[in-house]
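Under the working numbering, the first residue of the sequence shown is numbered 286, with each subsequent residue one higher. I have placed the structure first, in the form of structure tokens, so that the comments after it can refer back to it.
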Amino acid sequence: MTTATGHARTDHADSDRTGSDAPWLIVAGREIAVKLRDRGFIISTLSTLAIIAIAFGASFLMASRTETTTVAVAEPAAAQLVAAADEAPEQAGAGPTELLVEERADAAAVTDAVRSEQVDVGLVREDGGWTLVGRDSVPGSVTASVSSAVAAAALDANAREAGTTVEALTAGSHVGERLLEEGASDEGVRFVAGFAFVFLFYMAAILFGYAIANSVVEEKQSRIVEILAAAIPLRQLLVGKVVGSTVLALGQMAIFVGLGLLGLSFTDYSSMLPAIGAAAGWYLGFFLLGFVALAALFAVAGALATRAEDVQSTASPLIMAVAVAAFSGLFLEGAGLTVASYVPLVSVVAMPLRLLGGEAAWWEPVLSLGVTTAFTA
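Written out as structure tokens, the structure is:
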């Protein structure tokens, strides 16, 4: 009974000293408040947001930019072909191109206009067909669109001469598409999304991981930890540091991912937004648990160091491990990627990529999260 009473008095005393039944909340709140006022954290966050915005903005401007090409012609038929090419849909891989017609007296005048750079290209009739004349080259987009217009016009004329229609001549020539895996994503988009996941996770590890380790070792070096240890248990102190950094990292990551998805909606890959958005949502879940585990390891790295100068040596193995884990999740394929999607830290990148590719069943990310949770605990 005396022992029970003694424990009761000790617990009551601890509660009085901290003013809270959960002192780690106080530590976490302090970590968040200090970080939000840190100039380096604010600058790095705004810089990353600016890079993401500039990247999507540049991509959008490049995709929407229309190139104007002047085409010299010497007869009405050529002008009609250029007009038809200008109205035709853009060729695959070619940007928007506007074709402007400039009339000349004859083919020689067209050639002279191209040579003197008065126009970009010329279209003249030669040897029963049509020839694009360029000074040193002809833009590929112009060649593709004009060739398509010439082929369509020739097919229509030949069909009329043969007493038939273009539809009859081209029957059975249509090529369609049928996907065996409707949820499968474009490989290029998948790689870019995976690289973004790797970059963000690695950046968070460096930005917040070293901050946790340095915070721990600074309090040891200044002997502040002795004062804190007299007020709260050391485990509560470390938990508070980990929780505070995790909240900041997850909030920052949610902003980055949200801005990335917003930018994606203005690109040609906006149709893939539902699949990428689902993968990004799972990424945030895996990032949360993976970062908690990583933050705990960085807290240990800080505890192992005796001086601030030692943090580099105690934390470097963790940075190397994060780099190897993240990039292996990006470049693995097949069975290797499947296995990696269940390995803690590696699964932060590997499992969202499998989900983006439509390769994982609904229960697999849940199981992988369970494995990561156990590892984190």
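Yeah, the Cβ is synthetic: ideal placement off N, Cα and C, and Gly gets one too.
Take Pro424 and list the residues in its own chain whose beta-carbon comes closer than 7 angstroms to its own, dropping the five residues that flank it on each side. Same-chain partners within the cutoff: Thr354.
Kindly identify the DSSP beta-bridge partner or partners of Thr382. Within the DSSP bridge table, the entry for Thr382 names Glu352 as partners.
Closer than 8 angstroms is the cut-off here; do at least three beta carbon pairs connect the stretch 594 to 606 with the stretch 489 to 506? These segments touch.
From what residue to what residue does the alpha helix (DSSP H) around Gly655 run? Note, Gly655: alpha helix (DSSP H), 648 to 661.
Which partner residues of Ala357 appear in the DSSP bridge assignment? Answer is Glu387, Gly407.
Along the chain, where does the beta strand (DSSP E) containing Val423 start, and where does it finish? For Val423, there is no enclosing beta strand (DSSP E), as DSSP gives it neither H nor E.
At what residues does the beta strand (DSSP E) containing Val418 begin and finish? Counting along the chain, the beta strand (DSSP E) containing Val418 begins and ends at 414 to 419.
Below 8 angstroms on the Cβ atoms is my guess for Ala373 versus Ala434; work out the distance and round it to an integer in Å. So it is a contact: roughly 6 angstroms between Cβ atoms.
Per the contact definition of three or more C-beta pairs closer than 8 angstroms, is the stretch 547 to 556 in contact with the stretch 522 to 534? By the criterion of at least three beta-carbon pairs nearer than 8 angstroms, the stretch 522 to 534 is not in contact with the stretch 547 to 556.
Comparing the C-beta of Ala606 with each C-beta of chain B, is any distance below 8 angstroms? Here there is only one protein chain, and chain B is not present.
Identity of the residue in Gly575, Gly543, Ala580 nearest Val528 by Cα: The closest CA to that of Val528, considering only Gly575, Gly543, Ala580, is found on Ala580.
Endpoints, alpha helix (DSSP H) assigned at Ala447: Careful: Ala447 lies outside any alpha helix (DSSP H) and carries neither H nor E.
Provide the residue span of the alpha helix (DSSP H) that contains Ser601, from first to last. Annotation for Ser601: the continuous alpha helix (DSSP H) segment containing it runs 596 to 616.
Have a look at Gly414, Val651, Phe476, Ala392 and flag the residue whose alpha-carbon is nearest the alpha-carbon of Val406. Selected option, being the one with the closest Cα: Ala392.
Spatially closest choice to Val404 from Ala340, Asp412, Asp421, Glu411, by CA coordinates: Nearest of Ala340, Asp412, Asp421, Glu411 to Val404, Cα basis: Asp421.
If you reduce the DSSP assignment to three classes, tell me which class Thr552 lands in. DSSP places Thr552 in coil when its eight states are reduced to three.
Rounded to the nearest angstrom, what separates Leu540 and Lys526 at their Cα positions? The residue asked about is misnamed: residue 540 is Ile in this sequence, not Leu. Their backbone Cα atoms lie some 22 angstroms apart in a straight line.
Just how far apart, CA to CA, sit Glu594 and Ala335? C-alpha separation (whole angstroms): 32 angstroms.
If you measure between the beta carbons of Ala363 and Leu408, is that distance less than 8 angstroms? Taking 8 angstroms as the Cβ cut-off, Ala363 and Leu408 qualify as a contacting pair.
Can you give me the Cβ contacts of Ala313 inside the same chain, cut-off strictly under 6 angstroms, excluding the 5 residues immediately before and after it? Gly525, Val528, Gly529.
From what residue to what residue does the alpha helix (DSSP H) around Ile497 run? Ile497 -> alpha helix (DSSP H) spans 495 to 506.
Do Phe486 and Phe572 have their CB atoms nearer than 8 angstroms? With respect to Phe572, Phe486 sits close: the two C-beta atoms are nearer than 8 angstroms.
Nearest-angstrom Cα separation, counted from Val585 out to Leu615: Approximately 27 angstroms between the Cα atoms of the pair.
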